[in-house]
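Here the structure comes first, spelled out in structure tokens, and everything after it is commentary.
There are 2 protein chains.
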Amino acid sequence: MSSKRLIYLPLGGAGEIGMNCYVYGYGAPDNERLIVVDIGVAFPDMDGTPGVDLILPDIAWLEERKTRIEAVFITHAHEDHVGAIGHLFERLGQPAVYARAFTSNIARGKLAEYGYSDKVVKTVSKWPETVTAGPFTVGFLPISHSIPESSSLVIDTPEGRVIHTGDFKIDHNPLVGEAFDPDLWAEVAAPGVKALICDSTNVFNTHEGRSESTLGPAIVELISAQRGMVVATTFASNVARVKTLAEAGEAAGRSICLMGRAMRRMIEASVDTGVLSSFPKVVSPEDAMAMPRDNVMLIVTGSQGERRAASAQLANGKYQGVVLKDGDLFLFSSKTIPGNEKGVIRIINQFSEMGVDVVDDSNGKYHVSGHANRPDIEYMQKLVKPQIVIPMHGEHRHLREMVKIAKGNRFQSILAPNGMMVNLGGNEPSVAGYVETGRTYLDGSAQVGALDGVVRDRIRMALNGHVTVTLILDDENEPLGEPWCEIMGLAQTGRSRAPLVEVLEADLDQFINRASEATLADDDKLEQQLKKIVRQTALDEIGKKPEVTVVISRLSA
Amino acid sequence: MSSKRLIYLPLGGAGEIGMNCYVYGYGAPDNERLIVVDIGVAFPDMDGTPGVDLILPDIAWLEERKTRIEAVFITHAHEDHVGAIGHLFERLGQPAVYARAFTSNIARGKLAEYGYSDKVVKTVSKWPETVTAGPFTVGFLPISHSIPESSSLVIDTPEGRVIHTGDFKIDHNPLVGEAFDPDLWAEVAAPGVKALICDSTNVFNTHEGRSESTLGPAIVELISAQRGMVVATTFASNVARVKTLAEAGEAAGRSICLMGRAMRRMIEASVDTGVLSSFPKVVSPEDAMAMPRDNVMLIVTGSQGERRAASAQLANGKYQGVVLKDGDLFLFSSKTIPGNEKGVIRIINQFSEMGVDVVDDSNGKYHVSGHANRPDIEYMQKLVKPQIVIPMHGEHRHLREMVKIAKGNRFQSILAPNGMMVNLGGNEPSVAGYVETGRTYLDGSAQVGALDGVVRDRIRMALNGHVTVTLILDDENEPLGEPWCEIMGLAQTGRSRAPLVEVLEADLDQFINRASEATLADDDKLEQQLKKIVRQTALDEIGKKPEVTVVISRLSA
Numbered sequence: 001m002s003s004k005r006l007i008y009l010p011l012g013g014a015g016e017i018g019m020n021c022y023v024y025g026y027g028a029p030d031n032e033r034l035i036v037v038d039i040g041v042a043f044p045d046m047d048g049t050p051g052v053d054l055i056l057p058d059i060a061w062l063e064e065r066k067t068r069i070e071a072v073f074i075t076h077a078h079e080d081h082v083g084a085i086g087h088l089f090e091r092l093g094q095p096a097v098y099a100r101a102f103t104s105n106i107a108r109g110k111l112a113e114y115g116y117s118d119k120v121v122k123t124v125s126k127w128p129e130t131v132t133a134g135p136f137t138v139g140f141l142p143i144s145h146s147i148p149e150s151s152s153l154v155i156d157t158p159e160g161r162v163i164h165t166g167d168f169k170i171d172h173n174p175l176v177g178e179a180f181d182p183d184l185w186a187e188v189a190a191p192g193v194k195a196l197i198c199d200s201t202n203v204f205n206t207h208e209g210r211s212e213s214t215l216g217p218a219i220v221e222l223i224s225a226q227r228g229m230v231v232a233t234t235f236a237s238n239v240a241r242v243k244t245l246a247e248a249g250e251a252a253g254r255s256i257c258l259m260g261r262a263m264r265r266m267i268e269a270s271v272d273t274g275v276l277s278s279f280p281k282v283v284s285p286e287d288a289m290a291m292p293r294d295n296v297m298l299i300v301t302g303s304q305g306e307r308r309a310a311s312a313q314l315a316n317g318k319y320q321g322v323v324l325k326d327g328d329l330f331l332f333s334s335k336t337i338p339g340n341e342k343g344v345i346r347i348i349n350q351f352s353e354m355g356v357d358v359v360d361d362s363n364g365k366y367h368v369s370g371h372a373n374r375p376d377i378e379y380m381q382k383l384v385k386p387q388i389v390i391p392m393h394g395e396h397r398h399l400r401e402m403v404k405i406a407k408g409n410r411f412q413s414i415l416a417p418n419g420m421m422v423n424l425g426g427n428e429p430s431v432a433g434y435v436e437t438g439r440t441y442l443d444g445s446a447q448v449g450a451l452d453g454v455v456r457d458r459i460r461m462a463l464n465g466h467v468t469v470t471l472i473l474d475d476e477n478e479p480l481g482e483p484w485c486e487i488m489g490l491a492q493t494g495r496s497r498a499p500l501v502e503v504l505e506a507d508l509d510q511f512i513n514r515a516s517e518a519t520l521a522d523d524d525k526l527e528q529q530l531k532k533i534v535r536q537t538a539l540d541e542i543g544k545k546p547e548v549t550v551v552i553s554r555l556s557a
Numbered sequence: 001m002s003s004k005r006l007i008y009l010p011l012g013g014a015g016e017i018g019m020n021c022y023v024y025g026y027g028a029p030d031n032e033r034l035i036v037v038d039i040g041v042a043f044p045d046m047d048g049t050p051g052v053d054l055i056l057p058d059i060a061w062l063e064e065r066k067t068r069i070e071a072v073f074i075t076h077a078h079e080d081h082v083g084a085i086g087h088l089f090e091r092l093g094q095p096a097v098y099a100r101a102f103t104s105n106i107a108r109g110k111l112a113e114y115g116y117s118d119k120v121v122k123t124v125s126k127w128p129e130t131v132t133a134g135p136f137t138v139g140f141l142p143i144s145h146s147i148p149e150s151s152s153l154v155i156d157t158p159e160g161r162v163i164h165t166g167d168f169k170i171d172h173n174p175l176v177g178e179a180f181d182p183d184l185w186a187e188v189a190a191p192g193v194k195a196l197i198c199d200s201t202n203v204f205n206t207h208e209g210r211s212e213s214t215l216g217p218a219i220v221e222l223i224s225a226q227r228g229m230v231v232a233t234t235f236a237s238n239v240a241r242v243k244t245l246a247e248a249g250e251a252a253g254r255s256i257c258l259m260g261r262a263m264r265r266m267i268e269a270s271v272d273t274g275v276l277s278s279f280p281k282v283v284s285p286e287d288a289m290a291m292p293r294d295n296v297m298l299i300v301t302g303s304q305g306e307r308r309a310a311s312a313q314l315a316n317g318k319y320q321g322v323v324l325k326d327g328d329l330f331l332f333s334s335k336t337i338p339g340n341e342k343g344v345i346r347i348i349n350q351f352s353e354m355g356v357d358v359v360d361d362s363n364g365k366y367h368v369s370g371h372a373n374r375p376d377i378e379y380m381q382k383l384v385k386p387q388i389v390i391p392m393h394g395e396h397r398h399l400r401e402m403v404k405i406a407k408g409n410r411f412q413s414i415l416a417p418n419g420m421m422v423n424l425g426g427n428e429p430s431v432a433g434y435v436e437t438g439r440t441y442l443d444g445s446a447q448v449g450a451l452d453g454v455v456r457d458r459i460r461m462a463l464n465g466h467v468t469v470t471l472i473l474d475d476e477n478e479p480l481g482e483p484w485c486e487i488m489g490l491a492q493t494g495r496s497r498a499p500l501v502e503v504l505e506a507d508l509d510q511f512i513n514r515a516s517e518a519t520l521a522d523d524d525k526l527e528q529q530l531k532k533i534v535r536q537t538a539l540d541e542i543g544k545k546p547e548v549t550v551v552i553s554r555l556s557a
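Chains as they are written, first to last, in full-length UniProt numbering: chain A, 1 to 557; chain V, 1 to 557.
This is the structure:
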């Protein structure tokens, strides 16, 4: 057996849906040459990450080994696969980045925000073109998904061929981009595949997946029945869906208007890179508003209820001069991602107040998923016949379910969550070690570790409110004036019906007057005591224990 | 036409699912005698109401008219119908409260927390018993729902009979409590019904509702197939379901153990009030752990992923000595309420990591809703044949849909959201006016208005972090020492790689040194300037504009 080894290490995406970042390595243990597959983001929420702009994978492990990184490969242009490339590019040592044309277009935009030239990202044509990166030879094998030019990676290594599916579904008529080609896949798999690293997102869905092409007729029928304006939303990056919607609108005799920056950006990128050969003529919002309402269809951003997107702004009353009204229709050609329900429901109710009818995907007629369901996952595994199946792109429950299925179909399989390094060599996969992983927050322009306490402190202030206490002492530890309090995010009055700050100040003053010289001389002790009093008094008055900042100033004569 | 009028006024629950509070009045305009139907809470979340304990209806309108309140009637014991009774009882002028026995039991517990005696709540038997409250005669007409002794209210008024459905479903075999009795309902409706105020929660579900009794066999089958421990969760107040689960466990040869305070409280109340005549024998957690795992079934609280409930604690590792492990099964016999998805998914993934299989209600076999679906709503309306249908217990979209349906069935109908007062008299319902409504937050022990800014400030601190600035001046406006900063919830270092507080202090100091005498002498101006500098410097350094508390101290000689 060789002293070299082939390793697989997920740093993000294996234990969550989002923030994908996978590492493959080959070489002597602890000296492998590395490639990175995808470098995506996850999205923050008020519950756990208030104020955070984006969540990035913690790449400390990679950063320490950046001289060993041969290249980064991006499977497709979804934010959870490409979104962190700009933010982490320098820390990765500015490696070569490879992607197909559409993905390159998007990745370049992200790197440009950090001042990097377009040359950083190298565009690769689809399989059979390959790129050599150290011990790896990598090709982009077309696969259907919900964004143009999604690719699986065929990674040839000295230990054999590995296929990393990326996000995928089996779609024989995806409308935009390459149809799933079973013959090509069979051909690629024919020499034997060591490991299939496989998207597990929809493993719990037991129905066969449906093609993008099944949606058009139902949408045309829906639109044709409308007498008011029609507005549809979907993910901007789902270019095939945007096209489906636009063509359905056109077929129903309507002019199409695209609204929202991301929507226009994606259609531009599609046209620039040639992935979109035809698209109905679009009109401006201004022109749209000048037409009879039943001649217009808007396609807008904001399918997840995002507050700043077009859909939310329309729900709030007006966007770029467009106002919806009684008799209009709003179509969600999308699925609500768990966690976004409240935002979506808020919009639906706002539309309801305007008299706008809302149709969502609950009947399954106006949306299909971009991920393979269980039967399609099994089909893929049986087509590729790998020695090993490793689930990725899923929460723990998805990974676990796929391992069960793969083993049931007599493949070797291992559940490798973020941070577990797997040795793919030998007769069966084995755990090669564990790496510290986690999350880094992009917070404004700063990168903050998830465990740094910054966000924890914000959550505490949100839950408990905040009190500032100031106290000035002279150089003989005599208080100059009384302690002063300011509150933020707390009830103004409590049980005693006096202003809370006054009660706090009175209690602090009483303490100061009785405090020993030793206490008054000791900043730490004094601060702890003042905090304790504030928290106890607030608890008595309003039933809450606030966060407290104490500033003790000592003046010398 | 009489100079008196019959009014309906929702103060909560019509425009949301939760926080139910409806007012009926009869008398001369602006001098009606009032009854209140239900006084519930809504639940806070981190998104909009961080740190808040409960959300109560804003009852300012009622409080100003408390001498006109004849009584409060509680339809059933769900928190969104009874949860605010203790918190608002005094502000309502300590009115008479009427409910059936089980509901009384729960309401009394809530009033006891505020020191009120059991006598405050008067227990009423089911229809045909009635209570006279001013111009109203009110009876509790049994209706099936998901908690014992749910009732519709038959409200006889000088303008005719009004039926307030409360929450309901049509269940002819609800297992606990009275089956829906169409003959009794027809009899009550026979004299003619002026208005049906009708639950609209499930109006978008087009399937006929299913009976509680349909679940047992599937659950027995599921449990019988298990070789490890079985744990099931549902709403504690769904006593029928708890019974279904327990009996299924017993039928599968297992001992039953109830875990979670709310679960035991509800079963106790059911036994005390006689609504539960039989229930399998239960064992303690300690005894359960001493048995073979396949002889045990736990029924636990926490179906919504609540962090402190039994399910979350089991997912965290241990609860009352019970540890789940590989091969156990966890059943959600419940629906996840929108907004709770993330918490539920978190638990499922934790169980996955333990090797515990999770079954949820996605196949519809292990849960039925407590609310009437569209066909059942239509059935109810056709059975009662009211002059007017007014939807309640729903978001705007639900209310709107029910108005459409009612009008389609040739009933008069009006969409009355919270705050709209409807005159039910005359030939058709009309808007009698609008009342300011809103939400009151129970925050610790204080009641805070939703628009008071307290929660807004907390959200801002959570999003933006907080900086405290202190500055001391002498009586000639000369700074004593330099400005001092403390940060909370902000990155420690930014662009310049120096500590953020040091950069802030340097910029503030520079400003102070250059500031005019007039600026230094003016607290307001100085504070505004210091805030502005902090926000600008933080923006430059870390890309965020924090909340700022400035404390300027002026010392006299």
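Note that the Cβ used here is the ideal one computed from N, Cα and C, for glycine as well.
Just so it is clear, the structure is predicted and the values come from calculations on it, not from any experiment.
Quickly, what does DSSP pair A:Arg439 with across the bridge? List them, please.
-> Looking at the DSSP assignment, A:Arg439 forms a beta bridge with A:Pro57.
Starting from A:Leu555, find everything on chain V with Cβ-Cβ shorter than 9 Å and list it in chain order.
-> Around A:Leu555, the beta-carbon contacts reaching into chain V at under 9 Å are Ile472, Leu480, Gly481, Leu555.
Unbroken stretches of the alpha helix (DSSP H), 4 residues or longer, contained in the stretch 18-53 of chain A | If only uninterrupted alpha helix (DSSP H) runs of at least 4 residues are considered, none is enclosed by the stretch 18-53 of chain A.
Have a look at the DSSP bridge pairing and note the partners of V:Ala71.
-> Assignment of beta-bridge partners to V:Ala71 by DSSP yields V:Ile35, V:Ala96.
Which chain A residues are close to V:Ala446, counting only those with a beta carbon under 7 Å from its beta carbon?
-> Under the 7 Å cutoff, chain A gives Ala491, Gly494, Ile542, Gly543.
How would you call V:Ser125, buried or exposed, if buried means at least 16 neighbouring beta carbons within 10 angstroms?
-> Under this definition V:Ser125 is an exposed residue.
Segment contact, 8 Å Cβ cut-off, at least three pairs: the stretch 311-326 of chain A with the stretch 273-287 of chain A = Result yes; three or more Cβ-Cβ pairs closer than 8 Å.
Residue 561 of chain A versus A:Ala195 - alpha carbon distance = Only positions 1 to 557 of chain A appear in this structure, which leaves residue 561 of chain A out of reach.
Secondary structure, alpha helix (DSSP H): runs of 4+ residues fully inside the stretch 484-518 of chain A = Those alpha helix (DSSP H) runs which fall completely within the stretch 484-518 of chain A and span 4+ residues are 500-514.
What is the DSSP secondary structure of A:Pro386, reduced to helix, strand or coil?
-> If DSSP states are grouped into helix, strand and coil, A:Pro386 belongs with the strands.
Spatial distance of A:Asn205 from A:Asn373 (CA atoms) = Going from the Cα of A:Asn205 to the Cα of A:Asn373 covers about 5 Å.
Report back the beta-carbon spacing between V:Leu399 and V:Ser200 to the nearest angstrom; my notes put them in contact at under 8 Å.
-> So it is a contact: roughly 6 Å between Cβ atoms.
Can V:Leu11 and V:Thr75 be called in contact, C-beta distance under 8 Å?
-> Between V:Leu11 and V:Thr75, the gap from beta carbon to beta carbon reaches 8 Å or more.
Count the other CB atoms, across all protein chains shown, that sit within 10 Å of the CB of V:Asp118; report buried if there are 16 or more and exposed otherwise.
-> Of the residues assessed, V:Asp118 falls on the exposed side of the cut-off, its CB having fewer than 16 other CB atoms within 10 angstroms.
Per the contact definition of three or more C-beta pairs closer than 8 Å, is the stretch 358-374 of chain V in contact with the stretch 326-340 of chain A?
-> No, they do not touch.
When we look at the beta-carbon of A:Leu451 and count the other beta-carbons within 10 Å, is it buried (16 or more) or exposed?
-> Around the beta carbon of A:Leu451, fewer than 16 other beta carbons lie within 10 angstroms, which makes this residue exposed.
Beta carbon proximity, A:Arg397 to chain V, threshold 8 Å = True, the Cβ-Cβ gap to chain V drops below 8 Å.
Nearest to V:Lys342 by alpha carbon, out of A:Gly139, A:Gly364, A:Leu6, A:Asp47?
-> Of the listed residues, the one whose Cα sits closest to V:Lys342 is A:Asp47.
Cα-Cα separation between A:Ala232 and A:Gly305, rounded to whole angstroms = If you take the alpha carbons of A:Ala232 and A:Gly305, they lie about 13 Å apart.
Where the beta strand (DSSP E) through A:Asp183 begins and ends = According to the DSSP assignment, A:Asp183 belongs to no beta strand (DSSP E) but to the alpha helix (DSSP H) extending over 182-189.
Name, please, each residue of chain A whose Cβ falls closer than 7 Å to the Cβ of V:Asn464.
-> Gly51, listed in chain order.
Can you find a C-beta in chain A that's less than 8 Å from the C-beta of V:Pro338?
-> Taking a beta-carbon distance threshold of 8 Å, V:Pro338 counts as an interface residue toward chain A.
Cβ distance (whole Å) where A:Gly249 is taken to contact A:Ile267 below 8 Å = Incorrect: roughly 14 Å between the Cβ atoms, too far for contact.
Around the Cβ of V:Gln381, are there at least 16 other Cβ atoms within 10 angstroms (buried) or fewer (exposed)?
-> Classification for V:Gln381: buried.
Quick one: what's got a C-beta closer than 7 Å to A:Arg264's C-beta in the same chain, skipping five residues either side?
-> Contacts found: Leu258.
Nearest-angstrom Cβ-Cβ length linking A:Gly465 and A:Lys335, presumed shorter than 8 Å = Between A:Gly465 and A:Lys335 the beta-carbon gap is near 37 Å, outside 8 Å, which marks them as no contact.
Report all residues from its chain with a CB closer than 7 Å to the CB of V:His393; omit the five preceding and five following residues, and keep chain order.
-> In its chain, beyond the 5 residues on either side, Gly13, Ile17, Asn20, Asp167, Asp199, Ser200, Thr201 have a beta carbon closer than 7 Å to the beta carbon of V:His393.
Could you check the C-alpha separation between V:Val384 and V:Val193 for me, to the nearest Å?
-> In a straight line, the C-alpha of V:Val384 is about 7 Å away from that of V:Val193.
A:Ser270 in three-state terms, based on DSSP | Three-state result, A:Ser270: helix.
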